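Under the working numbering, the first residue of the first sequence is numbered 11, with each subsequent residue one higher.
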Amino acid sequence: MNKELSSFLSSLLNVTIDIETLLEKPKHESHGDISLPCFLLAKELGKNPVEVSKEISQKITNDMPNFLEKVVSMGPFVNFYLNSEQEIAPVFEEFNNFLSFQVDSPQKILIEYPSPNTNKSLHIGHTRNMLLGSSLSNILTKVGHDVVKTNLNNDRGISICYAMLMYREFFSHETPQSLGMKPDEFVAHCYVEFKKACEKYPEKEYEKQAQEMLVQWESNNKEIRELWKKLLDFVYQGYNKTYENYKLGNFDKQYFESEIFDQGKEIVLKALENNVEGFKQEEDGAIYVDLEKEGYGKKYLLRGDQTTLYMTQDIYLASVKENDFHADKYIFVVGQEQEYHFKVLFNILEKLDIADASKNYHFAYGYVYNEEGKKFSSRLGNTIGADFIYDEMVNKSKENLLSKELTKNLEEEELSYRSNIIGFGALSFTFLKQNPLSSMNFSMEQALSFEGETGPYCQYTYARIQSIKRKIHLDLEKSVDYTQFNEKEIKLIKTLKEYPQVLKEASEKYKISSIAHFAIKLSQGFNDFYQSSSILKAQTPEQQHARLYLAHLLGEMLKDCLSILGIEVLEEM
RNA sequence: GGCCCCAUGGUCUAGUCUGGAUAUGAUAUCAGCCUUCUAAGCUGAGGAUCCCGGGUUCGAAUCCCGGUGGGGCCGCCA
């Protein structure tokens, strides 16, 4: 449309400036569909912009092309109002085109999350991680990419030994059931006990014992390995329940630190041998890569005794993933505190020719603080578990349903079905509507409020639409009389047209929040429409059909939008 | 010391990349709207030095420079 208008304007005005680059979409609805700021034109013409604007609108009004409805000069701007029938008809006639956006060249994109440390239960930080990771993978899939989901389990090291030691000392006769805990919480409980036990029984030298255990683990001591396996079984059992709640679906592949932690040595040695830029060796045999030039300092990759470090593992894992999937892009969903680590990693991977730096992307997100803006501390036990938040949200939804006339007598099964969907919708929306990089202060009370810009608000909007559809039959084959729409409705239909652009930007910039904000925009638009334009009591059958059709399309778009956020809709709520 | 991120009504937030008109919404507060398609809704009111100071520009929340406040990272730990 900009093209049509700009070529029309170019033929009208005698200027050298490319008119198309000047045209913009006004921020205010009341300023029309397209506007032309006249400052640069005025400069070229040597006139006052306000006058230029007046002249242009006068000229066009005298000879209006049929794609325009009206032209208004407002100060130094010319505002164009497009012929609204031409604008809205495509939404009804080719709705599917507005329900999707497909990229020109689909890529294989690997996305890795939530990558937990297996000595702890998943906490509120993982909540943010899982919700972001899932919706990121949804939006990329939606626009046509081939998305591969992987998860790295950090399942070895001194931490898990702490838990193993405590289990052997104090809890070997207990089970998660006997203590009434989720299996992963049981292991986390053992882990937390370690610090207390060290203080209480210093004579036992637990720290030393744990170190010995780690050595035994590394030398494949059968008994220790079995203990380790036993605890990890508990952990994964619990994690799977959490993943299920958070609707993570299946991973295409799970990696385990225990299987790769001592690998990667060859890659480093070979790089040194081949004189890869920056790879150097200390006198004691330690190998590092010198990134002084890049501003990252020295990064050690092998200790003097030739054992590997965290970075070495990640280099190795990158090569394994490249080998397994040959992806075009590797996305790591990890907190922003690891930014330095990833910058260095990507740099090294490029040096080693494993992957161009441009193929790797650290999708970083900010820290989740408590209500007062303080850090949650898992050691002090005042952290919020991912399961706990989920349960709270679901319970709150249940309470809400039971407090409402319409739903207070629901069967238990239906009640829990609905409260799961509503609670998880509220939870997802709370996290996804905001900029992932800003740190957030999580307030349970605020999250439990289901009014305003929330998931339940969007779900409620969808349910309202379905309720109307149950009362009046919609014939999708019957054409719509576009003259039935009033100004407000036309505005709403134009909102629907924005969806492909929203999808495009969200997928290119990995900007999940814009999807959430669009869902809000759709919902607000509908609720306003709902209040002012009754469908059931429309004046004529034509008007009723037009309105119902619009409501239907909006509902479908809203459902699609929410599905990207991992939020399901309900027919009734 | 070096580097990174964040800063918009009391609180939360859109817009910043790609400069444009009256800064987007929400929440809380106050005032209205349910025998009317589900009130988890709608309407109205008040509430903002867009962190500060320079600069660029016809025009800056947006771009550049310098500060301030908050958070984070910089290990032969993971």
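From the three backbone atoms N, C-alpha and C, an ideal C-beta is built for every residue, glycine too.
These numbers were taken from a predicted model, which means no experiment stands behind them.
On the DSSP bridge list, what partners appear for residue i?
i	result
residue 206	Answer is none; residue 206 lacks a bridge partner.
residue 156	118
residue 344	374
residue 234	Looking at the DSSP assignment, residue 234 forms no beta bridge with any residue, so it has no partner.
residue 45	34, 89
residue 226	Answer is none; residue 226 lacks a bridge partner.
residue 289	299
residue 379	385, 451
residue 83	88
residue 496	Answer by DSSP bridge pairing: none, since residue 496 is not bridged.
Thinking residue i and residue j are a contact (beta carbons under 8 Å), I'd like their distance in whole angstroms, please.
i	j	result
residue 572	residue 529	6 Å
residue 318	residue 363	With a Cβ gap of about 20 Å, residue 318 and residue 363 do not count as contacting.
residue 112	residue 339	The Cβ separation is near 17 Å, so there is no contact.
residue 437	residue 400	6 Å
residue 308	residue 354	Contact doesn't hold; Cβ gap of about 10 Å is too wide.
residue 520	residue 373	6 Å
residue 170	residue 129	5 Å
residue 580	residue 480	The Cβ separation is near 13 Å, so there is no contact.
residue 196	residue 172	With 8 Å as the limit, residue 196 and residue 172 do not qualify as a contact, their Cβ atoms being about 14 Å apart.
residue 435	residue 469	5 Å
residue 277	residue 201	About 32 Å separates the two Cβ atoms, so there is no contact after all.
Does the separation of the CB atoms of residue i and residue j fall below 7 Å?
i	j	result
residue 242	residue 194	no
residue 636	residue 441	As shown, the chain starts at 11 and ends at 583. That puts residue 636 outside it, with no answer to give.
residue 359	residue 328	yes
residue 122	residue 342	yes
residue 63	residue 83	yes
residue 261	residue 137	no
residue 584	residue 322	Residue 584 lies beyond the stretch modelled for the chain, which goes from 11 to 583, so this question has no answer here.
residue 357	residue 304	yes
residue 561	residue 491	no
residue 19	residue 29	yes
residue 545	residue 503	no
residue 439	residue 462	no
residue 433	residue 403	yes
residue 147	residue 576	no
residue 500	residue 574	no
residue 335	residue 158	yes
Helix, strand or coil for residue i per DSSP?
i	result
residue 297	strand
residue 336	coil
residue 100	helix
residue 279	helix
residue 318	strand
residue 162	strand
residue 664	No answer is possible for residue 664: it lies beyond the span of the chain, which begins at 11 and ends at 583.
residue 579	coil
residue 89	strand
residue 330	helix
residue 265	strand
residue 74	coil
residue 310	strand
residue 395	strand
residue 405	helix
residue 136	helix
residue 410	helix
residue 537	helix
residue 127	strand
residue 255	helix
residue 520	coil
residue 113	coil
residue 435	helix
Q: Take every Cβ of the region 81-93, pair it with every Cβ of the region 34-46, and state whether three or more of those distances are shorter than 8 Å.
A: As far as the Cβ criterion goes, the region 81-93 touches the region 34-46, which means the pair count is three or higher.
Q) How do the region 94-102 and the region 155-165 stand: do at least 3 beta-carbon pairs fall below 8 Å, yes or no? A) No contact exists between the region 94-102 and the region 155-165.
Q: Examine the Cβ distances between the region 180-194 and the region 294-302 and report whether three or more of them are shorter than 8 Å.
A: Fewer than three pairs of CB atoms, one per stretch, sit closer than 8 Å, so the region 180-194 makes no contact with the region 294-302.
Q: Flag this pair as touching only if the region 441-454 and the region 502-511 have three or more C-beta atom pairs under 8 Å; answer yes or no.
A: The region 441-454 is not in contact with the region 502-511.
Q. Does the region 404-416 come close enough to the region 233-241 to have 3 or more Cβ pairs within less than 8 Å?
A. In the pairwise beta carbon analysis, the region 404-416 is classified as not touching the region 233-241: fewer than three pairs are separated by under 8 Å.
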